[in-house]
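Asks: The structure is given below, and queries will be raised subsequently.
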């Protein structure tokens, strides 16, 4: 069923047979937080928004309050209200919930500025930088997850099913479609549908020590807003005279802008890791011999590398893109995409060049043996990653600013603290 384009002008007609509307925003852990409103209240609030407690950015994924010290994600102390504004472009109906209308929210401070930790707002801010320079980002998230049969009172524990694995690839989308697709809706949909069939999907990065982890690879490309051409491909470059040759064959078919973007990604990876690998468990996936990167690296069609370059002659120039293979399925899609796009665009603004050779065949033995090969290693724990993320002068601070970095670093330190306090069987 094709839903009508919803606006304030036709909203009452669209909702004529409804009595309630579900509204939800996404928090710092990628969890949808919302409520069900009466249709009357929703119609009153849709244009200017409504008050909502900023406490939703003070809860972790287990609904425990973050220990964030003197850093609060709100201009008002005591977890005061911010303004939640419904985004009618995200209107949809939940078929598994009797067709209940669902609309996603943007969060603003009371002075109408964007709430700094709002995932949708953070991503929109990064994308706006590109749009000012006639560039548009396209992204797709390649999510993997395990399905577990959910035991009931009548299900013997011995009959718990083996996990079934499904890989889902979300199509490349421009920013106008990218934001709604990454608002936690995929996880919400799979878990909602799974519950109807006695199945619990798990997006945990490494749910089993004996199996590969669940990845959340991000595919990125840029096109020109005015012409629609792929800005990463040398053959599509708007400045053919600027196509200086690359010293490395793996990136010979990239445009200068594409090489700058790749260089920015490579330079930033160690500093933006908490946004790509946000949990303690994330780093159990990032180990050698399991198709997961452990070092800063790239390579043409190389799935061992942190960044796989997809470019001619292996694809059409219009499909030229980068696959960032660091994130797991537990990554926050908004934060992760914002980090990757922001890092790459920093490379473009600084005209950075790729200073390292691609991952070569001669390194395969070192990679399998866990050797460094002279390359910069990625952080191996959330604690180490958070230290780099919040360090003075970090790339993360340059891309996102101090306010967001301080807030998000405290949330990750909270996760590390819970891990240290946990009492295990061993």
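In my numbering, the protein residues as written are 330 to 755. Using N, Cα and C, we set each Cβ at its ideal position, and we do this for glycine too. Since this is a predicted model, take the numbers as computed values, not measurements.
Could you give the residue range of the beta strand (DSSP E) that holds residue 577?
Replies: That residue, residue 577, is in no beta strand (DSSP E); it is neither H nor E in DSSP.
Asks: How about residue 547 and residue 653: are their beta carbons less than 8 Å apart?
Replies: Yes. Within cutoff.
Asks: Could you pull out every unbroken alpha helix (DSSP H) segment of at least 4 residues lying fully inside the segment 593 to 673, listed in chain order?
Replies: With a minimum length of 4 residues, the continuous alpha helix (DSSP H) runs that stay inside the segment 593 to 673 are 602 to 605 and 611 to 614.
Asks: Express the C-alpha separation of residue 600 and residue 745 in angstroms, rounding to a whole number.
Replies: Answer to the nearest angstrom: the Cα atoms are 17 Å apart.
Asks: Would you kindly check if the distance between the Cβ of residue 733 and the Cβ of residue 451 is under 8 Å?
Replies: Yes; because the gap between Cβ atoms is below 8 Å, this pair is in contact.
Asks: Quick check on residue 415: does DSSP put it in helix, strand or coil?
Replies: Strand, per DSSP.
Asks: Could you say which of 574, 578 and 447 lies nearest to residue 585 if we only look at CA atoms?
Replies: Out of 574, 578 and 447, 574 has the C-alpha closest to the C-alpha of residue 585.
Asks: Pick out whichever of 465, 438, 638 and 606 has its Cα sitting closest to the Cα of residue 623.
Replies: It is 606 whose Cα lies nearest to the Cα of residue 623.
Asks: What does the Cβ neighbour count give for residue 337, buried or exposed, with the cut at 16 atoms within 10 Å?
Replies: Exposed, by the Cβ-count rule.
Asks: Within 10 angstroms of its Cβ, does residue 427 collect 16 or more other Cβ (buried), or is it exposed?
Replies: By the 10 Å Cβ count, residue 427 comes out exposed.
Asks: Is there contact between the segment 709 to 725 and the segment 624 to 636, where contact requires at least three CB pairs shorter than 8 Å?
Replies: No, the segment 709 to 725 does not touch the segment 624 to 636.
Asks: Strictly by DSSP, which residues pair up with residue 533?
Replies: Its beta-bridge partners do not exist; DSSP assigns none.
Asks: Hey, residue 685 and residue 583 are a contact pair by Cβ (cut 8 Å); roughly how many whole angstroms apart?
Replies: The Cβ separation is near 15 Å, so there is no contact.
Asks: Whose C-alpha, out of 538, 638 and 742, is nearest the C-alpha of residue 587?
Replies: Residue 638 is the option with its Cα nearest to residue 587.
Asks: CB residue 543 to CB residue 668, shorter than 8 Å?
Replies: The answer is no: Cβ separation not under 8 Å.
Asks: Looking at C-alpha atoms only, which residue of 367, 552 and 730 is the closest neighbour of residue 346?
Replies: Nearest of 367, 552 and 730 to residue 346, Cα basis: 367.
Asks: On the DSSP bridge list, what partners appear for residue 388?
Replies: DSSP output for residue 388 lists 394 as bridge partner(s).
Asks: Buried or exposed for residue 380, going by 16 or more other Cβ atoms inside 10 Å?
Replies: Result: exposed.
Asks: Where do the N-terminal and C-terminal ends of the beta strand (DSSP E) with residue 355 fall, by residue?
Replies: Start and end: 349 to 355.
Asks: From residue 701 to residue 545, what distance separates their C-alpha atoms?
Replies: Note that residue 701 scores 49 on pLDDT, short of 50, meaning its location in the model is unreliable; the coordinates nonetheless yield the value given after this. Their Cα atoms are separated by approximately 24 Å.
Asks: From this set, 356, 415 and 611, which residue's C-alpha is nearest residue 277's C-alpha?
Replies: Because the chain spans 330 through 755 in this model, residue 277 falls outside it and cannot be assessed.
Asks: Using beta-carbon positions only, say whether residue 360 and residue 432 come within less than 8 Å of one another.
Replies: No, the Cβ-Cβ distance between residue 360 and residue 432 is not below 8 Å.
Asks: Rounded C-beta distance between residue 562 and residue 672? I'm assuming under 8 Å.
Replies: With 8 Å as the limit, residue 562 and residue 672 do not qualify as a contact, their Cβ atoms being about 20 Å apart.
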